[in-house]
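Colleague:
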Amino acid sequence: MLEVKDLEVFYGSIQALHRISFKINEGEIVTLIGANGAGKSTTLRTISGLVRPRSGKVVFRGTDITQVPAHTIVRMGIAQVPEGRRIFSNLTVLENLLMGAYTRNNKQEVEENLERVFKSFPRLKERIKQLAGTLSGGEQQMLAMGRSLMSRPSLLLLDEPSMGLSPIMVEEIFEIIKNINHEGTTVLLVEQNAFMALQIAHRAYVLETGRIVLEGPAKEVRDNPRVRTAYLGELAFVS
Amino acid sequence: MPLLEVRDLCKDFGGLRAVSNFQLKMEQGEIVGLIGPNGAGKTTVFNLITGLIPPTSGSIIFQGENLVGLPPYRIAAKGIARTFQNIRLFKDMSVLDNVRAILHVHNGYGFWDAALHSPRFAKKEEEILARARELLEVVNLETRSRDPARSLPYGDQRRLEIARALALRPKLLLLDEPAAGMNPREVASLTELIRFIKDKFQLTVLLIEHQMGLVMNLCERIVVMDFGEIIAEGTPHEVSNNPVVLEAYLGKGAVVNRC
Amino acid sequence: MERYFCTLLRRRERVRLALLGGLLASLYGALKLLSLAGLINEYWQRVLDQALITTIGALGLSIIYGFAGQFSLGHAAFYGIGAYTAGIIGKVWSQGSITFFLLALLAGTLAASFIAFLLGIPILRLRSDYLGIATLGFGVIVRVALENSNRFYPPLGGATGMTGIPQVANFDWIFWFTVGTLILVCNLIASSYGRAWLSIREDEMAADTLGINTTRYKITAFVLGCGLAGLAGGLYAYRYPYLHPSSFDFLKSFDFLLIVVLGGLGSISGTVVTAICWVFLLEGLRIILGQAFVDWRGVIYAVILIVTVLLRPQGLFSGKEWRLLFPSRDQDGTWGKEGKHASLRG
Amino acid sequence: SGKTAQTNTGEKTIKIGFMGPLTGDAKTFGESTRNAFLLALEQAGMKAGEYKIEHVITDDRNDATEAVNVVDKLISQDKVQAIVGSVTSRTTIAVSEIANSKKVVLISPTATAEKVTVDNNQRKEFVFRACFLDPFQGEIAARFARENLNAQTAAILYDQGNDYSKGLAEAFRKSFEALGGQIVASEAYSKDDQDFSAVLTNIAQKNPDILYLPDYYGKVSLIGKQARNKGIKAVFLGGDGWDSPELDFAAMEGGYFTNHYSPDDPRSEVQKWIQDYKSKYGAVPDAFATLAYDATNLLLNAIKTANSNDPVKIKEALQATRDFPGVTGKITFNANGDPVKPAHIIQIKGGKQVYVTTINP
Amino acid sequence: MERLLEQIINGLQLGFVYALIALGYTMVYGIIKLINFAHGDVFMIGAFIGYFAYTFWGFSLWGAVLIAMILCAVLGVLIERIAYRPLRYAPRIAALISALGVSLFLEYFCSLKFVFGPNFRVVQPPVKQIHWNLGGIPITNIQIIIVAVVILLLLVLQYLVYRTKIGTAMRAVSFDHDAARLMGINVDFIIAFTFALGSALAAAGGVLYTLAYPQIHPFMGIMPGLKAFTAAVLGGIGIIPGAVLGSLIMGQVETLTAAYLTSQMRDAIAFLILIIVLLVRPSGILGRGGPEKV
Ligand SMILES: Nc1ncnc2c1ncn2[C@@H]1O[C@H](COP(=O)(O)OP(=O)(O)OP(=O)(O)O)[C@@H](O)[C@H]1O
Ligand SMILES: Nc1ncnc2c1ncn2[C@@H]1O[C@H](COP(=O)(O)OP(=O)(O)OP(=O)(O)O)[C@@H](O)[C@H]1O
Ligand SMILES: [Mg+2]
Ligand SMILES: [Mg+2]
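Top line first, the protein sequences correspond to chains A, B, C, D and E. Counting from 1 along the first sequence, just add 2 to a position and that's the residue number in this note's numbering. Counting from 1 along the second sequence, just add 1 to a position and that's the residue number in this note's numbering. Counting from 1 along the third sequence, just add 386 to a position and that's the residue number in this note's numbering. Counting from 1 along the fourth sequence, just add 62 to a position and that's the residue number in this note's numbering. Counting from 1 along the fifth sequence, just add 6 to a position and that's the residue number in this note's numbering.
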């Protein structure tokens, strides 16, 4: 479904990605794990068209989208929940959600979608008229997730969706990710919470300083000793 | 006398009561965890203690002195430092200067010393510099001292925030989700760091965190909030087996069991 | 280790000061020679003096806006306050004596600082554009006051302008005052003052929460910056034979603003270079365009302004500095120079 | 004027500088002045006596600081012997001091403030002008109002940031009161104001016989229109700033202003000037152009008389000028270097300027 | 008493004229967070185009308004393209300097002889002024036109920005460009649209302005632009009704000061009051300042 080939990305003179390549198949959950600054967010930003690579290609369903503007990529069915939520603080919760559906014109469908989002995140419904900027951190994360679902993407890029969420919410979010996936959305998941991510993902890639150093089915990656010490850390010997 | 005593603290935002009858006593040298669901009012408690927003009612007594009504910088000078949930570094300043900017608070030289670079100034500045380097070493950022703060990766930015807070020589350190965005291994090293600085600088720490690994490992006592109120309080063990907490916050899942 | 480190710093510092002093002295000597040899005629001498005076004023705004981040659109008003205060003293009492000239400069500086202090206490609570408008409003108030000044004290001249100020400020005075200002500003920037100002610019709330008395530092920056504008105004009054309210109205404040921005916010070197270039550009266009295109001077100037900002949106120096200006202690990373962090990671 | 090879072959030359606002919001005045300056030089065949004229045109943007730079440039870089300029008092006061101390002749066409030629009781010997002084016009207007129009009461509305406007207003007030009239209102505005309804409402209340509007044509056109809308019946009265084809003749109908000359004047100097200017620039000359024309011709005449390019000699010749037949009358300089010439009263009538009377100083 | 009423009407007229300009100013600011100093100059160009349209090209008033709006919208988009878009990711102040440059450019360029020339031109507006007398208070048809247009624009803008999809997108863009892109919003288009709209509003303001003050020249935009911006700040910059409210207050303050205190100090007192209001309400009268969330 999505294929990334030899991607090289620079910020000024700093190289963030070194010729990385990977693939996502229809219906999968793929996770990308790696330490801080490994280039995970950069990868997602490049796929979404926010960052232009110096070389390499991003191919989505057979179309080369490397040079397609970001707003068109959304229309093609790729949505992203960016790192740090990036909700529109000056809009209300409802307006944020409607912006998520900006590319869609069928009012009826948008209404239905809205109901579904409220079912997943009842807290949002309570605060529908509140300015999004005054939501608590967790509420904002829910809003960001809900907002991205409003465009009915076929590929959803999630950048650290569990960041700053309470344990119960983390579970819930992962539940939701699974559900979304079950309903047919392909997911590329970037997570620090590697343990959880590897639990729900089908396949995983490990990114280290801008290079892919390991890939394979999630289970295998989880059992890789190097991953256990480097990313699962203490967790590995506590459990 | 407790180091910090918060009594009957309340905060309303419009119709919303974000903090309600919050009580907290902290003794010198404690590490206390403050947990609770998203939107429970934890960050608001920090904002109230540091004077960023005025409480609706209640008192905050630090070393026997009521802080309510003091401007933030005065509260800070009394020995309360914090980090922010959404990192707020001085982004275009160098890593070193992020720390040095705060260090001066304790190294007063006059305007004319600064204007003329008097010998006294030079001496103090060397002290500041040495101290800043020392703090950066503590958080393992000494090699990046000349980079702008904005160029650091996320986790490093969090550690820089801690170094900056330490520059204030605080007695009480408030950490708002220091482990957010870190992977378990990084969390582990952060745990070590917090433990280390607590001993080295004789700190009392109040910590908000959702990563239970960190909280359960570090804290002697945990306060749980929901809807602005305290719903439970006790040792990690007590809290993690409290049904109310499980229901509202931890969930029945594997997370707790692992800790 | 620490010891060694410190002595090393001190040695480097001595070398730096010697270099800087030597450079300034030879610059002064060279300019002096050129002018004695008649290679700098009175016109270019005047332009050079104007450039230096502008530099002093711009350094003031650089502190206020470039470093402390307080958006001021009223800088020219303080320039005017300094000019009129110093000027009236010269006109009424001095008869051209140097002592009075220096006293008048001091008075101009203090007057501008004092008014900045009174104004700063209430209005520095405002943020960004609101502060800009409030200071701009203050500029209008000062202009109106100057226009009507003869009703309170006739020698001030009001709308007719003020003449009769002894023209005793020559290149020597102006040059060394500029150098003095530059050193003062650099010293402050490389001290806890500078860092506190920057931290306020970067994130006022975080600075406040971490113990920086933001109000105090904002006022210090404002008072100091406006004081420098006052000093520049004083020098202007003793170099240009005529003061008129229109020379200090809000449009002039934009001149200072664009110098500071084009130089690169938070760069002293940038401010100095841009201030000088800006004055020479305005006059240079006169020469380049010749009389066939005099009418185009404004157009070309505007185009240059736009093109410059498009080419260097962060300003010419964008936070960088000439190392010579700052103690070696501070070369280790002030103002975020571009680091080599890519190679350090891993 | 390019330096040609001929100038080096021993031909006698004199270099004349021109300065005025050729950019910025006073450009319209600077342009008229420059037009007339160039026309005068052209008509003289670029020669004054035996001296070939070179000229340098510079722009001061109506800014005091730039004007000082410009005059330094003209004197020390272009090495001119004489300067025509500048246009407004603001810039001219700033430069007259310097021209005088550098001993370069300066004649301003239009700077009306007293300080231009005499400051602090010191005559600036090298400085002259071709226009009236503020007090003179104000006084003439007051006399005309009292004696010819029999006005009892007057209101004044002036631009407080413009010394020309302020100077005229002040002089008018003094004279009008000295002649037994009563000033019922004296109100001010700023250069960029467009709305005068507040002060005009107050003035309407006082119902004065005269509304004195000492400002340039642009502003008075706006004020005149709004004043009539406010129901003010007073006769409008003004100064030479009104003299422009761009004046709103409909709004100012019936108003009078003091001027240097009248287009009705049958004198050949006047008629030829209007004709020549029209055919070269396609417009009727305004007061700025006319005065600049006279100023330039006065200077050229002095160079011819002195038959020298030495500023000291030119200055002496200028000072000695007697009854020079300018467009604005027979000009003689007084000891201060200010012209002594009669003022004409012009009325706006039927969309035209109509000569009314001449008042001698 | 009657005079006071008349003065208040004078103030209202002035206020509504400021509002005419302030609306476009504040709308652009609200979305782009740019003090578009060139707004006053687009306003000037609008006035000139309107003047040419109804004096030489035979348009009616509303035709002239329309053509000025269209041409200025194009000009606005052009300015955005050349001078602001390249600075999209630069610090905000860079765009402000660029705006200053554009403003100077338009003023100096338009005052060249072969463009509009530096002259003050007297305009004969296509609508004859009609005076009415309502119980001793003089009112003109022009005042009524201006008030009606301001109210109409206020409602239309408010609806557009707060009730339509494109308006919500505009606000989203104003907050976070990248996040807006991720919603599928074409940020460049939205910003160009905002500029087109703002410039069209400035042009409409320019043409109608000449009805009230029938004189145009290339530097006419500076002061009204500045006053309008000040008024917008007073009302709370970026807030559309705030622009009208701020303008009305400015108009009253200026008029009443000139009428009852001193016409010499009019500007000084107007700005003094502005500063005092800002001290009491640091984000303007309708501004939602509030402490930021940490
Ligand atoms: N806008 C930028 N300008 C310069 N460098 C950047 C920028 N954004 C990211 N970088 C650098 O690029 C590298 C990769 O960053 P990226 O944000 O993709 O990492 P990440 O894997 O998402 O890390 P994290 O876990 O911290 O989110 C880092 O070294 C970072 O410092
Ligand atoms: N400035 C404000 N205005 C209005 N409501 C606010 C404001 N600040 C916080 N709130 C509300 O108060 C509640 C508590 O917020 P707070 O940020 O303290 O939560 P928290 O416990 O820190 O949550 P999280 O763990 O998600 O960060 C939330 O519902 C939030 O919406
Ligand atoms: Mg990331
Ligand atoms: Mg929080």
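Positions of the beta carbon are idealized from the N, C-alpha and C atoms, including for glycine.
What is the DSSP secondary structure of residue 147 of chain E, counted as helix, strand or coil?
Modeller: On the fifth sequence, position 141 is the one that residue 147 of chain E refers to. Helix at residue 147 of chain E.
Colleague: Which one or two residues does DSSP pair with residue 408 of chain D in a beta bridge?
Modeller: As a first step, residue 408 of chain D must be located in the fourth sequence, where it is residue number 346. Beta-bridge pairing links residue 408 of chain D to D:319 and D:417.
Colleague: Evaluate contact between the region 651 to 660 of chain C and the region 685 to 702 of chain C, counting only Cβ atoms and requiring at least three cross-stretch pairs below 8 Å.
Modeller: At 8 Å Cβ cutoff, the stretches touch.
Colleague: Under 8 Å, with one C-beta from each stretch per pair, do the region 397 to 415 of chain D and the region 191 to 199 of chain D reach the 3-pair mark?
Modeller: At 8 Å Cβ cutoff, the stretches touch.
Colleague: With the cut-off set at 7 Å, would you say residue 524 of chain C and residue 463 of chain C are in Cβ contact?
Modeller: Locating residue 524 of chain C in the third sequence gives position 138, where the first residue counts as 1. Locating residue 463 of chain C in the third sequence gives position 77, where the first residue counts as 1. Yes, they are a contact pair.
Colleague: Exposed or buried, what is residue 236 of chain A when buried is set at 16 or more other beta-carbons lying within 10 Å of its beta-carbon?
Modeller: For the purposes of this step, residue 236 of chain A is taken as residue 234 along the first sequence, with counting starting at 1. Note on residue 236 of chain A: pLDDT 45, under 50, position unreliable in the model; the coordinate value appears next. Classification for residue 236 of chain A: buried.
Colleague: Compute the distance between the beta-carbons of residue 301 of chain D and residue 282 of chain D, then report whether it is under 7 Å.
Modeller: Translated into the one-based positions of the fourth sequence, residue 301 of chain D becomes position 239. Translated into the one-based positions of the fourth sequence, residue 282 of chain D becomes position 220. Not in contact: residue 301 of chain D and residue 282 of chain D (Cβ atoms no closer than 7 Å).
Colleague: With the cut-off set at 7 Å, would you say residue 543 of chain C and residue 536 of chain C are in Cβ contact?
Modeller: Numbered from 1 along the third sequence, position 157 holds the residue referred to as residue 543 of chain C. Numbered from 1 along the third sequence, position 150 holds the residue referred to as residue 536 of chain C. For residue 543 of chain C and residue 536 of chain C, yes; Cβs fall inside 7 Å.
Colleague: Please report the distance separating the alpha-carbon of residue 133 of chain E from that of residue 471 of chain C.
Modeller: Working through the fifth sequence from its first residue, we reach residue 133 of chain E at position 127. Working through the third sequence from its first residue, we reach residue 471 of chain C at position 85. In a straight line, the C-alpha of residue 133 of chain E is about 52 Å away from that of residue 471 of chain C.
Colleague: In terms of DSSP beta bridges, what is residue 219 of chain A paired with?
Modeller: Locating residue 219 of chain A in the first sequence gives position 217, where the first residue counts as 1. Answer is A:205, bridged to residue 219 of chain A.
Colleague: Straight-line CA distance for residue 252 of chain D to residue 254 of chain E?
Modeller: Within the fourth sequence, numbered from 1, the residue matching residue 252 of chain D stands at position 190. Within the fifth sequence, numbered from 1, the residue matching residue 254 of chain E stands at position 248. Looking at the two C-alpha atoms, the distance is approximately 20 Å.
Colleague: Measuring straight from C-alpha to C-alpha, what distance separates residue 214 of chain B and residue 180 of chain B?
Modeller: Indexing the second sequence from 1 puts residue 214 of chain B at position 213. Indexing the second sequence from 1 puts residue 180 of chain B at position 179. If you take the alpha carbons of residue 214 of chain B and residue 180 of chain B, they lie about 10 Å apart.
Colleague: So what does DSSP say about residue 217 of chain B, is it helix, strand or coil?
Modeller: By 1-based counting over the second sequence, the position of residue 217 of chain B is 216. Residue state, collapsed to three classes: helix.
Colleague: Quick check on DSSP: helix, strand or coil for residue 129 of chain E?
Modeller: The residue labelled residue 129 of chain E in the question sits at position 123 within the fifth sequence. Looking at residue 129 of chain E - three-state DSSP - the assignment turns out to be coil, as it is neither helix nor strand.
Colleague: Do you know offhand how far residue 79 of chain D's Cα is from residue 118 of chain D's?
Modeller: Here residue 79 of chain D refers to the residue found at position 17 of the fourth sequence. Here residue 118 of chain D refers to the residue found at position 56 of the fourth sequence. In a straight line, the C-alpha of residue 79 of chain D is about 5 Å away from that of residue 118 of chain D.
Colleague: Starting from residue 84 of chain A, find everything on chain E with Cβ-Cβ shorter than 8 Å and list it in chain order.
Modeller: Residue mapping note: residue 84 of chain A aligns to position 82 of the first sequence, counting from 1. Chain E residues near residue 84 of chain A: 184, 185 and 188.
Colleague: Would you say the beta carbon of residue 86 of chain A comes nearer than 6 Å to a heavy atom of ligand 2?
Modeller: As a position in the first sequence, residue 86 of chain A is number 84, starting the count at 1. No, ligand 2 has no heavy atom inside 6 Å of this Cβ.
Colleague: Determine whether the Cβ of residue 94 of chain B lies closer than 7 Å to any Cβ atom of chain A.
Modeller: If you number the second sequence from 1, residue 94 of chain B lands on position 93. Judged by the 7 Å Cβ criterion, residue 94 of chain B is not in contact with chain A.
Colleague: I'd like to know if residue 64 of chain A contacts chain B, where contact means its C-beta is closer than 7 Å to some C-beta of that chain.
Modeller: Here residue 64 of chain A corresponds to residue number 62 of the first sequence, with the count starting at 1. Chain B contact via Cβ: absent.
Colleague: Can you check whether the CB of residue 628 of chain C is closer than 7 Å to the CB of residue 408 of chain D?
Modeller: Translated into positions along the fourth sequence, residue 408 of chain D becomes position 346. Translated into positions along the third sequence, residue 628 of chain C becomes position 242. Contact: no.
Colleague: Determine the direct distance from the alpha carbon of residue 389 of chain D to that of residue 332 of chain D, and round the result to whole angstroms.
Modeller: In the fourth sequence, residue 332 of chain D corresponds to position 270, counting from 1. In the fourth sequence, residue 389 of chain D corresponds to position 327, counting from 1. Whole-angstrom Cα-Cα distance: 5 Å.
Colleague: Starting from residue 21 of chain E, follow the alpha helix (DSSP H) in both directions and report where the run begins and ends.
Modeller: Position 15 of the fifth sequence holds residue 21 of chain E. Segment 8 to 38, the alpha helix (DSSP H) holding residue 21 of chain E.
Colleague: Rounded to the nearest angstrom, what separates residue 44 of chain E and residue 105 of chain E at their Cα positions?
Modeller: For this step, residue 44 of chain E is matched to residue 38 along the fifth sequence. For this step, residue 105 of chain E is matched to residue 99 along the fifth sequence. The straight-line gap from Cα to Cα measures roughly 6 Å.
Colleague: Among residues of its own chain, excluding the 5 on either side of residue 193 of chain A, which ones have a beta-carbon nearer than 7 Å to its beta-carbon?
Modeller: Against the first sequence, residue 193 of chain A aligns to sequence position 191. Only 33, 35, 162, 164 and 199 meet the Cβ criterion.
Colleague: For residue 243 of chain E, which of E:25, E:19 and E:15 has the nearest alpha-carbon?
Modeller: For the purposes of this step, residue 243 of chain E is identified with residue 237 of the fifth sequence, where counting begins at 1. Here the closest residue by C-alpha is E:25.
Colleague: Is it buried or exposed for residue 223 of chain E, if we count other Cβ within 10 angstroms and need 16 for buried?
Modeller: Looking up residue 223 of chain E in the fifth sequence gives position 217. Under this definition residue 223 of chain E is a buried residue.
Colleague: Among the residues of its own chain, which have a CB less than 7 Å from the CB of residue 110 of chain B, if the five just before and after it don't count?
Modeller: Here residue 110 of chain B corresponds to residue number 109 of the second sequence, with the count starting at 1. Contacts found: 121, 122 and 125.
Colleague: In three-state DSSP terms, what is residue 180 of chain D?
Modeller: For the purposes of this step, residue 180 of chain D is taken as residue 118 along the fourth sequence, with counting starting at 1. Residue 180 of chain D falls in the strand class under three-state DSSP.
Colleague: Which residues in the same chain have their Cβ closer than 6 Å to the Cβ of residue 287 of chain D, if we skip the five residues on either side of it in sequence?
Modeller: Mapped onto the fourth sequence, residue 287 of chain D falls at position 225. Contacts found: 313.
Colleague: So which of E:75, E:203 and E:103 has the shortest CA-CA distance to residue 37 of chain E?
Modeller: Translated into positions along the fifth sequence, residue 37 of chain E becomes position 31. Taking only the C-alpha atoms, the option nearest residue 37 of chain E is E:203.
Colleague: Tell me whether the region 115 to 125 of chain A and the region 188 to 204 of chain E touch, counting them as touching only if at least three CB pairs, one residue from each stretch, are closer than 8 Å.
Modeller: The region 115 to 125 of chain A, when compared against the region 188 to 204 of chain E, does not touch it at the 8 Å Cβ threshold.
Colleague: Determine the DSSP secondary structure at residue 153 of chain A, reduced to helix, strand or coil.
Modeller: Counting from one through the first sequence, the residue named residue 153 of chain A turns up at place 151. Of the three classes helix, strand and coil, the one that applies to residue 153 of chain A here is coil, per DSSP.
Colleague: Does residue 245 of chain D come within less than 7 Å of chain C when only Cβ atoms are used?
Modeller: Along the fourth sequence, read from residue 1 onward, the residue named residue 245 of chain D stands at position 183. Not an interface residue.
Colleague: Beta-carbon separation of residue 465 of chain C and residue 619 of chain C under 7 Å?
Modeller: Against the third sequence, residue 465 of chain C aligns to sequence position 79. Against the third sequence, residue 619 of chain C aligns to sequence position 233. Yes. Within cutoff.
Colleague: Could you tell me how far apart the beta carbons of residue 73 of chain B and residue 227 of chain B are, in whole angstroms, since I believe they sit closer than 8 Å?
Modeller: Locating residue 73 of chain B in the second sequence gives position 72, counting from the first residue. Locating residue 227 of chain B in the second sequence gives position 226, counting from the first residue. At roughly 27 Å, the Cβ-Cβ gap does not stay under 8 Å, so residue 73 of chain B and residue 227 of chain B are not in contact.
Colleague: Let's see if you can read the secondary structure: which residues bound the alpha helix (DSSP H) around residue 110 of chain A?
Modeller: Translated into positions along the first sequence, residue 110 of chain A becomes position 108. Where residue 110 of chain A is concerned, the enclosing alpha helix (DSSP H) stretches over 109 to 122.
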